[in-house]
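Below you'll find the structure, written out as structure tokens, and then a few comments.
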Amino acid sequence: MLRKSFFCGGKMNRDTVGTIRTLAGISLATLLASCGGGGGGEVSGSGVLSVACSGAQCGASDAQTYRGSGVGIWRYDNSGSSSGTSVPITLNGVSGRTVTLVFSNVSDRDAGMASVSTSVADRPATASKIEAPSDPDHLPGVNQIPAHIRDYQPPVDRASQPQVSARQGPAAAVRAAVEGDVREWQDSGGTRFQATLARRWAAADGRWLNIWVQDGERSPAKVSEALLDSLKSRFSSNQDSVYPIVTDLAGAPWGATVGSGYIGPDQDLHIVMSNITPDGKAWGVIGYFFSANAFLKSYEGLSNEAVVLFLDTETMYLGGQAGRNTGYTTLAHEMTHMVNFYQRAARTGVSPDNRFAVWLEETTALMMEDLASGRVVPGFNPLRDGDYGNWLHQSQNCDYIRGWDASVSSNCFSYPIAANYGGYLLRQYGTDFYRSLLRGTSSTDSFTLLDQAVRQAGGAGARPALRDWGAALALLPASSPAGFGYPRRAQGGYDLPAINGPDYASLRTLPSSSPSTLKASGHFPVVRRPSGASYSETVAVPAGSALTVVVQ
6 MLRKSFFCGG KMNRDTVGTI RTLAGISLAT LLASCGGGGG GEVSGSGVLS VACSGAQCGA
66 SDAQTYRGSG VGIWRYDNSG SSSGTSVPIT LNGVSGRTVT LVFSNVSDRD AGMASVSTSV
126 ADRPATASKI EAPSDPDHLP GVNQIPAHIR DYQPPVDRAS QPQVSARQGP AAAVRAAVEG
186 DVREWQDSGG TRFQATLARR WAAADGRWLN IWVQDGERSP AKVSEALLDS LKSRFSSNQD
246 SVYPIVTDLA GAPWGATVGS GYIGPDQDLH IVMSNITPDG KAWGVIGYFF SANAFLKSYE
306 GLSNEAVVLF LDTETMYLGG QAGRNTGYTT LAHEMTHMVN FYQRAARTGV SPDNRFAVWL
366 EETTALMMED LASGRVVPGF NPLRDGDYGN WLHQSQNCDY IRGWDASVSS NCFSYPIAAN
426 YGGYLLRQYG TDFYRSLLRG TSSTDSFTLL DQAVRQAGGA GARPALRDWG AALALLPASS
486 PAGFGYPRRA QGGYDLPAIN GPDYASLRTL PSSSPSTLKA SGHFPVVRRP SGASYSETVA
546 VPAGSALTVV VQ
């Protein structure tokens, strides 16, 4: 069973495709080394492709014919088999078209994979110009949460127990703050510092919101009054700001709790602007929510006994507009962790334990960024403008569900994977699906919760969704057949932009040899460019997996 997490950190949130070129510095050789080469996997029996798309945008006339326009999609689903299956592919009418084969493992275990020729898979020449970042500790748009936050295990079980002593009651209510007040805070490592209350105002729901600035960081050249006003406005000024969006979609960040170990129910929400890593550079640790702060000090010595988000000052004043945009959407991401912690642990207790597994916790926070960004920072979307391109470049044959990888130098860096799967689900199933997912408590297994939410939204389930999402590796256009790609979706005041796959062709990395293992929840794409009107090939589809064939 996966470790439950409320460290609640770091996500990838880039502002432009140009930034991705900076980040996408992992070599193909490294990718292949991590995945293996050659072939394997038992193959028995044979299968037949069937048409997998419908509607005006579908380019498949029948099981063997592309009609000449649109996007043709065919499938063989071997997810119910315990062995590989040989699948002959014959498609007509494909002259001048690109054929992409995407193998997707939708099972919960790795599968041996027979060798697939990738000799005609091409890698765009521009990809060779992508270089490794010179400063991996300060990647633009990447929130690099330190391990001690990432691996923190809050004392939820102990805190959820009934009060056993009058001395263990809730801490006395803190007096009402006023701008200019000074208080001591401690960061996630226990380092203490003084900060001054710079802005205090009430949200529409009546909760008081406070922005504190670490002493020495407030000046015209650093955290200026204009920057404070902008942060206040982006966090809570109208319905197009972080606080009302997150509370609308996810719920309240704090209130009554179960057990004796938590701070009281009536709490302000604090944003502490501090120089998290004082190195004179933007990026690095951009911001975080640390659930330790929600406990009484008698339960957790690192607690500030406050509902609080931390935001890096240097990113906000040295990172330009990109840094500020990332800071604003980071608050949406981290506040989602805050709400999830309250709604799924502190409010209900842990019997049963409704906390999301790490992968779903992070996926829901990335989905919030996707939804909120267009309203909080008009014109910016972290998936379209960053994470989609990074997923195409790496992080394909990876199991992000059973093996969360938070290392930015890894070929299986999990944040762009989660952002893409979550972004696909949002565009296919909408905001009502998202609300249902966040509130689901019918199972303590995160994948089961996701599966139920997809089915309630009219889908076939989380595994078919994982399979169909993988087709996006074929660089599907914005106007793809229903159920595929990333179409624009506007619903309930939220407008998710479409993603047009061909615009990212220079960022996609295609391996030059097939892996010996197709990872659970992983994908493996290969590209064919037929020289004639017909294309034929026989491939083996691994156990528990599916093959999607795309012509465009």
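When we follow our numbering, the leftmost residue of the sequence shown carries the number 6, and every step to the right adds one.
Glycine included, every Cβ here is placed at the ideal spot set by N, Cα and C.
Given a threshold of 16 other Cβ atoms within 10 Å of its Cβ, counted over all protein chains shown, does residue i qualify as buried or as exposed?
i	result
Ala177	The pLDDT assigned to Ala177 is 47, lower than 50, so where the model puts this residue is not dependable, and the model offers no usable value.
Gly488	buried
Asn110	buried
Ile25	At Ile25 the pLDDT is 32, less than 50, meaning the model places this residue with poor confidence; the figure from the coordinates comes in the next sentence. Counting Cβ neighbours within 10 Å, Ile25 comes out buried, since at least 16 surround it.
Ala299	buried
His398	buried
Asn148	buried
Lys134	Any reading at Lys134 must be qualified, since the residue scores a pLDDT of 38, below 50, and its modelled position is unreliable; the value itself is stated next. Result: exposed.
Thr543	exposed
Arg172	Summary for Arg172: the model assigns pLDDT 43, below 50, so the residue's position carries little reliability; its value from the coordinates is reported in the next sentence. Flag for Arg172 reads exposed.
Pro383	exposed
Gly194	exposed
Thr335	buried
Pro453	Residue identity differs from the one stated: residue 453 is Thr in this sequence, not Pro. Result: exposed.
Ser74	exposed
Gln326	exposed
Gly285	exposed
Arg349	buried
Gln272	buried
Among the options, which has the Cα closest to the Cα of residue i?
i	options	result
Ser86	Thr553, Val556 and Ala548	Ala548
Arg560	Ile281, Ala287 and Gly332	A query on residue 560 cannot be resolved here, the shown segment of the chain reaching from 6 to 557 and no further.
Thr70	Ala545, Ala483, Tyr347 and Ala538	Ala538
Arg513	Ser122, Leu301, Ala479 and Ser541	Ala479
Trp364	Pro283, Ser451, Ser414 and Met340	Ser451
Asn215	Ser193, Pro225 and Arg188	Arg188
Val121	Pro141, Val532 and Pro486	Val532
Lys302	Leu202, Pro283 and Pro160	Pro160
Ala377	Met118, Gly497, Met321 and Gly325	Gly497
Thr341	Gly146, Phe418, Val312 and Pro357	Val312
Ala423	Asn416, Arg205, Ala362 and Tyr405	Tyr405
Trp206	Phe240, Gly98, Ala483 and Thr252	Phe240
Glu274	Leu254, Tyr304, Ser49 and Leu202	Going by the sequence as given, residue 274 is Leu instead of Glu. Nearest C-alpha to Leu274: Leu202.
Ser526	Gly490, Phe108, Val48 and Val92	Phe108
Gly185	Gly260, Ser419 and Arg223	Arg223
Phe529	Gln401, Arg102 and Asp508	Gln401
Ser112	Lys237, Lys524, Leu232 and Ser484	Lys524
Tyr499	Asp390, Asp82, Gly211 and Leu431	Leu431
Gln62	Ala68, Val53 and Ile78	Ile78
Val290	Gln433, Gly328, Leu455 and Ser246	Gly328
Val413	Ala551, Pro151 and Ala467	Pro151
Ile504	Tyr439, Arg494, Gln433 and Arg389	Arg389
Asp162	Val53, Val355 and Val344	Val355
Mind checking who residue i pairs with in its DSSP beta bridge?
i	result
His275	Asn215 and Val313
Cys63	Val76
Asn97	Thr70 and Ser539
Asn148	Gly289
Pro516	According to DSSP, Pro516 bridges with nothing at all.
Asp82	Ala551
Ser91	Ser51 and Ala545
Asn110	Ser550
Phe346	None; Phe346 has no bridge partner.
Ala495	Asp500
Val56	Trp79
Thr335	None, per the DSSP bridge assignment.
Looking at the unbroken beta strand (DSSP E) that takes in residue i, where does it start and where does it end?
i	result
Gly266	Neither: Gly266 is in no beta strand (DSSP E) and is coded neither H nor E.
His528	His528 to Arg533
Gly50	Val48 to Ser51
Gln199	Arg197 to Ala207
Gln191	Val187 to Gln191
Please report the Cβ distance between residue i and residue j, rounded to the nearest whole angstrom; I am assuming they are in contact, meaning their Cβ atoms lie under 8 Å.
i	j	result
Ile276	Leu314	5 Å
Leu96	Val555	The pair is not a contact, with the Cβ atoms about 11 Å apart (cut-off 8 Å).
Asp115	Thr522	5 Å
Pro357	Gly264	Contact doesn't hold; Cβ gap of about 15 Å is too wide.
Ser91	Ser55	At roughly 16 Å, the Cβ-Cβ gap does not stay under 8 Å, so Ser91 and Ser55 are not in contact.
Gly506	Ala477	6 Å
Ends of the alpha helix (DSSP H) at residue i?
i	result
Arg380	Val363 to Val381
Tyr439	Ser419 to Arg444
Ala470	Ala467 to Gly475
Lys237	Glu230 to Phe240
Val247	Val247 to Leu254
Gly394	Tyr393 to His398
Met321	Thr318 to Leu323
Leu481	Leu481 -> no alpha helix (DSSP H), and no H or E assigned at all.
Asp162	Val161 to Ala164
Ala458	Ser451 to Gln461
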